[in-house]
Every structure is written in structure tokens, then in C-alpha cells.
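Chemist:
2 protein chains.
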Amino acid sequence: MSSTPAATGARSILDAATALFADEGYESVSVASIAAQAGVCKANVFHHFASKDELYLAVMKSASAEHADYAEELYQSPGSSADKVCKLIAFEIRNMLANHQRTRLLLRETNDGGHVRVRKLARTVFQRNFTAVVNIFEQGRERGEFRASIDPAAAAMLLGGATHLFFNCRDALREFREANGLETPDVYARRVAALILSGVLVAPEPQTHELALAHGKRARHTEATK
Amino acid sequence: MSSTPAATGARSILDAATALFADEGYESVSVASIAAQAGVCKANVFHHFASKDELYLAVMKSASAEHADYAEELYQSPGSSADKVCKLIAFEIRNMLANHQRTRLLLRETNDGGHVRVRKLARTVFQRNFTAVVNIFEQGRERGEFRASIDPAAAAMLLGGATHLFFNCRDALREFREANGLETPDVYARRVAALILSGVLVAPEPQTHELALAHGKRARHTEATK
DNA sequence: GCCTCCACTGACCGTTCGGTCAGCCGTCGA
DNA sequence: TCGACGGCTGACCGAACGGTCAGTGGAGGC
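Just so you know, the sequences run in chain order A and B.
Anchor point for the first sequence: position 116 equals 116 in the numbering used here, and the numbering is continuous, going up by one each time.
Take any residue in the second sequence, note its place counting from 1, add 1000, and you have its number in the numbering used here.
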């Protein structure tokens, strides 16, 4: 009902294209290979999509939905900001791994040069997510739970960079003996959250108590999940 | 003398290939376009390099040198670990921007699927740099300057993620109004360093004083550069 | 029974790809 | 003066690319 009746053919093409584009990138994938993986004729691909470009655009559009929903909803939920940060990191990492094809597509297109139209699209997704994360840090600051001197945008970059790097280098991480257990998503999320919340220094300057103490900053951030 | 006498031709090809591969990736660049940019005949490219693959490998190898030197040398230098972290972030960001072609090549190859041999190569560079950064955090922990409960590897991922994300999304960052001034390398480095050192929480639990207090943890990390 | 519609196909197009090859020509040692 | 060498070239190759097109065959309205 919600899907067009004759979507089976187009759908299988879209799925095959998503998988191949995510694995090998735009240029490396031929229309013939997409058709083969979808089990249809090459000409049929051009029957459903005007060109390879347009097919790629369709793949990107279908991959762009729903990404920042969680952060925005988290922003409005009750609970301490510290908990929100923990939950956000854990969710983002788990979400990236669960939808690794879509994630790889978006990350590739956000970073690269390449197609301008598509980069705009990926950037829209990135911007929505970025803004939502910034809002969470801003909220924590307004509540007095986070220090007034922090830059929420920089904190969001820190958070995003940590999750992206984990996604990109997870299998590389597995080979490093310096990182024992760090390749486990939950472990990584917990340790990174602890660092973002408390930093590395043993005793930061005691400052900006102005607004603090009010909202019960229970920094019990060791059970971020479940 | 240090360069082979007849290296001019091969050198210009290598330079042209580096620029083009960095901008558009392996698949999008044709040998003909490399030859055109180098001002030579296409066949001449194959005279100096056995294949497009081997040319790419040569480009990657020449881009792989020198990357982790700074971190390793910083590790052995005097000064507080907090200062080292600040300097490291500032250097990495400045270094990435100064050698943006090489950086883009390495990042692309570290992340992507693609050529296995080259990924190994890029990963070697990444691993050296990663280990060096981990050592700096480990050193800070042993000195009692950093909390004993932190994971040096996680901190290194945080640091690397922040610098990578900045490099990849700098022009996108320039369009976000949430980030005022954050697209300036020095500003970004300073704010990120402050976050990694002290975190976002207003008052982390007072813990692990055991080894601290000894090495003068002057957390005056607002002038990381110059 | 027939006509229309449309998802789908095989064969084909011009172009561009990575790569080859015979040969040109300036340099240098004998 | 000559021959060998090597950097360099234009012309060319088969393969694969994105894209086109005439046509097929089954489903549905009349």
C-alpha cells in the first residue's frame, strides 16, 4: 500500500546499487554489475532510472532518512545531559554498525569531493545531526551541568569524530595491541563518553560553579546502555 | 645528486598523479589526464611506471613518509603532557592542511575498501601515528598528570577523530552558524584540546590523587601555538 | 478477441579506458 | 664518426564503459 505496486523491480535494483556503491564507491561500480546483482537486464536499470547518476542520487536519498531523529528526540527527553551524551554515543556507534552500508555511503560523500549535488544532500543529513548534538551540549551548559567555558560545537565535533573514526578504522583497531577491548562497540562508547565528560586531567581548575549544583549532575556514566 | 639525474619526467608524472588522485580518487582519474597534467605523452607514463596500479602505489609510498615523526619526537621532549597534547593537536591540524593532498590520499585509503596492498600501507602510517599518540597519553598517566582511569587508546581515538573530522568537514563547518570561529584551525585546536584535557562536566568526581600533584599540572592550555 | 500498457530484454552504439608497440631523436662513450 | 642507449612519442589494440532502441510478452480494460 505504502509502496508502489510495481516497485519490486526498481526496489531490487535500488538495493543492489546501495550495496555495491557502499562497498566500492560510485566510479568502481558499473551499471552492468548492479543489474547482475539485482538479477535483471542492464537496460532495465535505465528503464527505472534515467541515468547512473540519478540512480546514485536515489540511493543516497533513501539512505538519508531517519539519521538525526534519535538525537533530536533525546534532546527533548528528561534526564541529565551527561546521560544523554552517553546514550548518544552508544546509539550512534550501534546505529552506524547496524546500517553500515548507508553509513559508509554518507561518510564517503560527506568527505569526498565528487558529485556536488549529492554532497549537498549528505551535508544536509550531517548538519541536522550536528545541530542536534550541539543542542544537547548547549542544554547541558545552560543547566549548569557542563562548564560554561566549553564550546558546544567543538564538543559535537569531538563526539562525531570519535564515532566516525571508530566506524572507519574498527578492523584496523582490532590489530592494535594498544587498544585492548576498544574494538568492542560498547566498551568504546563507554570509554569515549567518560573522556568527553571528564577529560584526561586529574584535577581541572574548579570553576564556574555559578549555575551548577542545581540539576543533580550524577555522573554515573558507566552503564550508558540498556 | 640525492635525486636520480633523469627524474624530472618521472617526478612530474608523480606530482600530477598525486594531485589528481588526491582530488578525485583512483577510479575517477585516467592515465591520459595524468599525462596531460604532467605535460607528457600517455605512453610515457607507462614507460616510467609499469601500470596505473603501480603508479598509485608509488604515489602512496611517497605520501607515507614523515607523518608520525612529530608525535614520536614530542613524546621524548620535556614539558607537561597537557602541553604535549595541545601542541600535538595544533600540529596535526596544521600539518594536515599544509599537506592536504597527501592527507586526503591517506585518509581515503585508510577508510575505504579498495586496494588491499595500499590499505596496508596507509594503515602502517596510521598505526605508527596512533601508537605515538597513545604513548603520550600513557606517559601523562604514568606521571600522574592524567587520571589513572582513562584509556590512552580511547583518548588517542578522540584526538585523531577530532582532527580527521575537522579536515574532512572544514568547508561544511564554515556554513554552520552553530560553530562561530570553529573553522579557524587554531581556534579549533584550542577548544578541542581544552575539552580533551578537562571534559565537559563542571565537577568530575575528585579521584585518583595517588600519583598526582607531583608534576605541576599547569593546565594553562589556551596558548597551544607559537 | 483485441487493444493498450508497461516491465523487461538482447543487441547494439560511440566513447573512453588501461595498456602495447614500433620507432624517433638527443646524448654520450668509444 | 658511429653505435648504443634511453627518454619519449603517435598510432593503435581489445575490453568495458554508460546509454539507446526496437521489440517481446504477460496482465488488464473493453
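Quick reminder that beta carbons are idealized off the backbone N, C-alpha and C, glycines included.
Rounded to the nearest angstrom, what separates V134 (chain A) and L201 (chain A) at their Cα positions?
Modeler: By 1-based counting over the first sequence, the position of residue 134 (chain A) is 134. By 1-based counting over the first sequence, the position of residue 201 (chain A) is 201. Per the coordinates, the alpha-carbon of V134 (chain A) lies some 23 Å from the alpha-carbon of L201 (chain A).
Chemist: In whole angstroms, give me the CA-to-CA distance for R1143 (chain B) and I1150 (chain B).
Modeler: In the second sequence, the residue the question calls residue 1143 (chain B) occupies position 143. In the second sequence, the residue the question calls residue 1150 (chain B) occupies position 150. R1143 (chain B) and I1150 (chain B): Cα-Cα distance of roughly 13 Å.
Chemist: May I have the straight-line CA-CA distance separating Y70 (chain A) from C169 (chain A), to the nearest angstrom?
Modeler: Counting from one through the first sequence, the residue named residue 70 (chain A) turns up at place 70. Counting from one through the first sequence, the residue named residue 169 (chain A) turns up at place 169. Spanning the two alpha carbons is a distance of roughly 24 Å.
Chemist: Determine, using beta carbons only, whether V1059 (chain B) and A1017 (chain B) come nearer to each other than 9 Å.
Modeler: Here the question's residue 1059 (chain B) lines up with position 59 in the second sequence. Here the question's residue 1017 (chain B) lines up with position 17 in the second sequence. Closer than 9 Å, so yes.
Chemist: Going by alpha carbons, who is nearest to E1073 (chain B) out of B:I1136, B:R1190, B:T1103 and B:R1147?
Modeler: Within the second sequence, residue 1073 (chain B) is the residue found at index 73, counting from 1. Nearest option by C-alpha distance: B:I1136.
Chemist: For F146 (chain A), list the residues DSSP reports as bridge partners.
Modeler: As a first step, residue 146 (chain A) is located in the first sequence; it is residue number 146 there, counting from the start. Answer is B:L1201.
Chemist: Report the rounded CA-to-CA distance for R220 (chain A) versus S1081 (chain B), giving the unit in angstroms.
Modeler: Numbered from its first residue, the first sequence carries residue 220 (chain A) at position 220. Numbered from its first residue, the second sequence carries residue 1081 (chain B) at position 81. Unreliable placement is indicated for R220 (chain A), whose pLDDT of 39 sits below 50; no coordinate value is reported for it.
Chemist: Of all the options B:N1129, B:F1166, B:P1152 and B:P1185, which has the alpha carbon lying nearest to the alpha carbon of G1140 (chain B)?
Modeler: In the second sequence, counting from the first residue as 1, residue 1140 (chain B) sits at position 140. G1140 (chain B) has its Cα closest to that of B:P1152, out of B:N1129, B:F1166, B:P1152 and B:P1185.
Chemist: How many Å lie between L1088 (chain B) and A1194 (chain B) at the Cα?
Modeler: Numbered from its first residue, the second sequence carries residue 1088 (chain B) at position 88. Numbered from its first residue, the second sequence carries residue 1194 (chain B) at position 194. Their Cα atoms are separated by approximately 13 Å.
Chemist: So S39 (chain A) and E1027 (chain B) are in contact, right, with Cβ under 8 Å, and what is the actual spacing, rounded?
Modeler: Here residue 39 (chain A) refers to the residue found at position 39 when the first sequence is read from its first residue. Here residue 1027 (chain B) refers to the residue found at position 27 when the second sequence is read from its first residue. Reading off the sequence, residue 39 (chain A) comes out as Gly, not Ser. That pair is no contact at about 25 Å.
Chemist: Compare the Cα-Cα distances from V29 (chain A) to each of A:L20, A:D53 and A:R147 and report the closest residue.
Modeler: Your numbering for residue 29 (chain A) matches position 29 in the first sequence. Closest option to V29 (chain A), Cα to Cα, is A:L20.
Chemist: Does the stretch 173-187 of chain A come within contact of the stretch 1152-1168 of chain B, defined as at least 3 CB pairs closer than 8 Å?
Modeler: yes
Chemist: Any idea if K84 (chain A) is buried or exposed, counting beta-carbon neighbours within 10 angstroms, 16 or more meaning buried?
Modeler: Position 84 of the first sequence, counted from the first residue, corresponds to residue 84 (chain A). When all chains shown are included, K84 (chain A) counts as buried.
Chemist: Do A1090 (chain B) and H1048 (chain B) have their CB atoms nearer than 9 Å?
Modeler: Residue 1090 (chain B) sits at position 90 when you count from the first residue of the second sequence. Residue 1048 (chain B) sits at position 48 when you count from the first residue of the second sequence. Cβ distance not < 9 Å, so A1090 (chain B) and H1048 (chain B) don't count as in contact.
Chemist: Taking only beta-carbon atoms, is H1048 (chain B) less than 9 Å away from chain A?
Modeler: For the purposes of this step, residue 1048 (chain B) is taken as residue 48 along the second sequence, with counting starting at 1. No - not a single Cβ of chain A is within 9 Å of the one on H1048 (chain B).
Chemist: Quick one: Cα of D1053 (chain B) to Cα of G79 (chain A), how far?
Modeler: Here residue 1053 (chain B) is taken as the residue at index 53 of the second sequence, counted from 1. Here residue 79 (chain A) is taken as the residue at index 79 of the first sequence, counted from 1. Answer to the nearest angstrom: the Cα atoms are 54 Å apart.
Chemist: Mind listing the chain A neighbours of T1131 (chain B)? Cutoff is C-beta to C-beta under 9 Å, in chain order.
Modeler: Here residue 1131 (chain B) corresponds to residue number 131 of the second sequence, with the count starting at 1. Simply F176 and E178.
Chemist: DSSP three-state label for Y1026 (chain B), please.
Modeler: As a working note, residue 1026 (chain B) is residue 26 in the second sequence. Looking at Y1026 (chain B) - three-state DSSP - the assignment turns out to be coil, as it is neither helix nor strand.
Chemist: Using a Cβ-Cβ cut-off of 9 Å, state whether P1185 (chain B) counts as contacting chain A.
Modeler: Here residue 1185 (chain B) corresponds to residue number 185 of the second sequence, with the count starting at 1. So, not an interface residue.
Chemist: Give a yes or no on whether the C-beta atoms belonging to L1106 (chain B) and A1132 (chain B) are separated by under 9 Å.
Modeler: The count along the second sequence starts at 1 and reaches residue 1106 (chain B) at position 106. The count along the second sequence starts at 1 and reaches residue 1132 (chain B) at position 132. Not a contact, by the Cβ cut-off of 9 Å.
Chemist: So, is the C-beta of M1060 (chain B) closer than 9 Å to a C-beta in chain A?
Modeler: For this step, residue 1060 (chain B) is matched to residue 60 along the second sequence. Chain A, which has no Cβ nearer than 9 Å to the Cβ of M1060 (chain B), makes this no.
Chemist: Under 9 Å, Cβ to Cβ, is there at least one residue of chain B near S18 (chain A)?
Modeler: Here residue 18 (chain A) refers to the residue found at position 18 when the first sequence is read from its first residue. At residue 18 (chain A) the sequence reads Thr, which differs from the Ser that was named. So, not an interface residue.
Chemist: Are the C-beta of S33 (chain A) and some C-beta of chain B separated by less than 9 Å?
Modeler: Residue numbering aside, residue 33 (chain A) sits at position 33 when the first sequence is read from its first letter. No, S33 (chain A) lies away from the interface with chain B (no Cβ there is under 9 Å from its Cβ).
Chemist: So, is C1041 (chain B) buried or exposed, given that buried needs 16 or more other C-beta atoms within 10 angstroms?
Modeler: Locating residue 1041 (chain B) in the second sequence gives position 41, where the first residue counts as 1. It is exposed - the Cβ of C1041 (chain B) has fewer than 16 other Cβ atoms within 10 Å.
Chemist: Under a three-way DSSP split, which group does A1016 (chain B) fall into?
Modeler: Here residue 1016 (chain B) corresponds to residue number 16 of the second sequence, with the count starting at 1. Helix.
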